[in-house]
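Notes to accompany the following structure.
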Amino acid sequence: RNIGSLLGRWGFVCLFGLAFIILTTFFLTKTISADVYRDFILYIVIGEIIIVTFSTLSISASAIAKEREDGSLDLLLTTSITPKLYLGGKMRGLIMHILPIVLVPSVTMVIVGLLVLVNPESSVVSDVFVQTNIASDLTGQQTQLPLALFAPALLFPVIFIPFIAFCMTLGLLWSMRSKGSIGAIVASLIIVFIVVAGLGVCTIPVSEVAFVGPAFGSLSPISNLFATLNPADSLPTLLNGGIGTANLATAIGSILAGLLWILVSYGLLKSMTASFVTTVRRLAGIN
């Protein structure tokens with residue numbers, strides 16, 4: 063199992079890392095256009111986000127439940143280990159296990175942001191502004207935009223890593239509360255799907271509001287990714303104020319979203335620590 067897990071993690075890193083290096087080399091040598099490069103990066107990073115999120119939930123949601131299933135958790139109740147030490151150890155183990163794959167999309171977006179900063183002349187794509195609820199002279203017109211908004215691209219780890227931390231703590235919470243690992247995984251997946259889908263729905267009515275739209279959109283890594291790589295579709299009204307305004311708004315939104323996910327994760331951990339003994343003893347011996 064350990065060998066398979068090791069191969070899976072580092073295989074993911076090597077596969078997607080190599081794909082990014084090849085695409086970036088093609089882009090820098092002008093083998094492919096900036097538009098094609100942008101589209102490939104968008105789809106690749108979306109795939110990485112989905113895989114990393116699913117892997118995090120699966121591993122964290124089975125961390126405690128598997129010990130309950132094999133009976134080793136009952137033995138822990140007879141020792142002097144505290145809930146804080148136990149959960150802290152679980153979190154450290156999960157972080158070391160998941161960190162390599164979490165860094166892949168994070169580093170990818172940071173490098174894309176640096177490409178826009180270092181080579182702005184070549185990092186340009188053609189986009190058409192979509193119809194908005196607010197009249198604009200730019201609506202329907204084709205214009206030249208940067209390959210990505212560099213500020214949210216550089217700050218992508220600020221939103222993605224705390225979001226994965228939220229998924230990790232949520233998985234641990236349901237692993238502690240569930241009788242089996244399968245039930246914990248399913249419950250965690252459903253909750254994360256509802257949260258992300260709900261955030262997407264909430265983003266729609268405020269997408270035309272400057273600074274508020276990017277703040278809501280940044281709560282979901284995928285929405286943040288679309289705003290970063292395809293702002294003409296995601297933030298058409300905000301772009302009316304210029305690229306600088308769009309960079310500032312999405313950067314602030316990314317920072318606020320990251321802080322929110324950190325606070326939620328911390329709250330979940332505190333709640334788990336307080337209710338750990340009661341919950342584990344209530345489920346002790348139940349398979």
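In terms of our numbering, the sequence shown opens at residue 63 and continues consecutively. Think of the CB as a built atom: it goes at the ideal place given N, C-alpha and C, for glycine as much as any other residue.
**Item:** Neighbourhood of L80 by C-beta distance below 7 Å, restricted to the same chain and skipping five residues each side
**Value:** For the purposes of this step, residue 80 is taken as the residue at position 18 of the sequence shown. Non-local beta-carbon contacts of L80 in its own chain, meaning distances under 7 Å to residues more than five positions away in sequence, are absent.
**Asked** Would you say the region 235 to 248 touches the region 323 to 338, given that touching needs at least three Cβ pairs under 8 Å?
**Response** At 8 Å Cβ cutoff, the stretches touch.
**Under 8 Å between C-beta atoms of P208 and P182** = What you label residue 208 is simply residue 146 of the sequence shown in a count that begins at 1. What you label residue 182 is simply residue 120 of the sequence shown in a count that begins at 1. Between P208 and P182, the C-beta gap is smaller than 8 Å, which places the two residues in contact.
**Asked** For T118, which of helix, strand or coil comes out of DSSP?
**Response** Reading the sequence shown from its first residue, position 56 is the one you call residue 118. Taken through DSSP and simplified to helix, strand or coil, T118 comes out as helix.
**Item:** Neighbour-count burial assignment, K152, 16 or more Cβ in a 10 Å radius
**Value:** Stepping through the sequence shown from its first residue, residue 152 is reached at position 90. Classified as buried, K152 has 16 or more neighbouring CB atoms from the shown chains inside 10 Å of its CB.
**Asked** Does DSSP classify P167 as helix, strand or coil?
**Response** Against the sequence shown, residue 167 aligns to sequence position 105. Three-state result, P167: helix.
**Prompt:** Just curious, the alpha helix (DSSP H) that G66 is in, first and last residue?
**Reply:** Counting from 1 along the sequence shown, the entry for residue 66 is found at position 4. That run of the alpha helix (DSSP H) goes 64 to 90.
**Message:** Just to confirm my understanding: we take G155, look at its own chain, exclude 5 residues before and 5 after, and list those with CB closer than 7 Å. What are they?
**Reply:** Taking the sequence shown and counting its residues from 1, one reaches residue 155 at position 93. Within the same chain, G155 has no close Cβ partners at all.
**Item:** Close Cβ partners of L104 (< 8 Å) along its chain, the five nearest in sequence each way excluded
**Value:** The residue you call residue 104 lines up with position 42 of the sequence shown. L287, F288, L291, N292.
**Asked** At what residue ranges does the region 200 to 230 contain a whole run of the alpha helix (DSSP H), taking only runs of 4 or more?
**Response** Fully enclosed alpha helix (DSSP H) runs of 4 or longer: 212 to 216.
**Asked** Where DSSP assigns a beta bridge to V187, which residues make up the other side?
**Response** Within the sequence shown, the letter at position 125 stands for residue 187. V187 pairs with L207.
**Message:** With a threshold of 6 Å on Cβ separation, who are the neighbours of P224 within its own chain once the five nearest residues in sequence on each side are excluded?
**Reply:** For the purposes of this step, residue 224 is taken as residue 162 along the sequence shown, with counting starting at 1. Within the same chain, P224 has close Cβ partners G320, W323, I324.
**Asked** For the candidate residues Y148, I317, L77, R71, whose alpha-carbon lies nearest to that of L281?
**Response** Stepping through the sequence shown from its first residue, residue 281 is reached at position 219. For L281, the closest C-alpha among the options Y148, I317, L77, R71 is that of I317.
**Request:** Alpha carbon to alpha carbon, how far is S120 from L139? Give it in angstroms, no decimals.
**Result:** The residue you call residue 139 lines up with position 77 of the sequence shown. The residue you call residue 120 lines up with position 58 of the sequence shown. When rounded, the separation of the alpha-carbon atoms in L139 and S120 is 24 Å.
**Item:** Environment of V164 [buried if 16+ CB atoms lie within 10 Å]
**Value:** Within the sequence shown, residue 164 is the residue found at index 102, counting from 1. With 16 or more other Cβ atoms from the protein chains shown falling within 10 Å of its own Cβ, V164 counts as buried.
**Request:** Helix, strand or coil for L235, going by three-state DSSP, please let me know.
**Result:** Position 173 of the sequence shown, counting from 1, holds the residue named residue 235. L235: helix per DSSP, three-state reduction.
**Asked** Residues in its own chain within less than 6 Å of P162 by CB, not counting five upstream and five downstream?
**Response** As a first step, residue 162 is located in the sequence shown; it is residue number 100 there, counting from the start. Only residues of its own chain outside the window of five on either side were considered, and among them R71, V75 have a CB closer than 6 Å to the CB of P162, listed in chain order.
**Prompt:** If you follow the alpha helix (DSSP H) that T144 is part of, which residue opens it and which one closes it?
**Reply:** Numbered from 1 along the sequence shown, position 82 holds the residue referred to as residue 144. For T144, no alpha helix (DSSP H) run applies, since DSSP gives it neither H nor E.
**Asked** Does the distance from the CB of A215 to the CB of V248 come in under 8 Å?
**Response** Locating residue 215 in the sequence shown gives position 153, where the first residue counts as 1. Locating residue 248 in the sequence shown gives position 186, where the first residue counts as 1. Taking 8 Å as the Cβ cut-off, A215 and V248 do not qualify as a contacting pair.
**Request:** Enumerate, from N- to C-terminal direction, the unbroken beta strand (DSSP E) stretches of 3 or more residues contained entirely within the region 286 to 347.
**Result:** None, since the region 286 to 347 contains no complete beta strand (DSSP E) of that length.
**Asked** If we call anything under 8 Å between Cβ atoms a contact, is V186 one with A96?
**Response** As a position in the sequence shown, residue 186 is number 124, starting the count at 1. As a position in the sequence shown, residue 96 is number 34, starting the count at 1. Contact: yes.
**Own chain residues within Cβ distance below 7 Å of E110, not counting five before or after** = The residue labelled residue 110 in the question sits at position 48 within the sequence shown. The beta carbon of E110 is closer than 7 Å to those of F78, V166, P167 in its chain, skipping five residues each way along the sequence.
**Item:** Nearest candidate by alpha-carbon position, reference I253, set F228, G242, S243, C264
**Value:** The residue you call residue 253 lines up with position 191 of the sequence shown. The shortest C-alpha separation from I253 is found at F228.
**Request:** Identify the continuous alpha helix (DSSP H) that holds K128 and give its terminal residues.
**Result:** Looking up residue 128 in the sequence shown gives position 66. 127 to 132 is the extent of the alpha helix (DSSP H) around K128.
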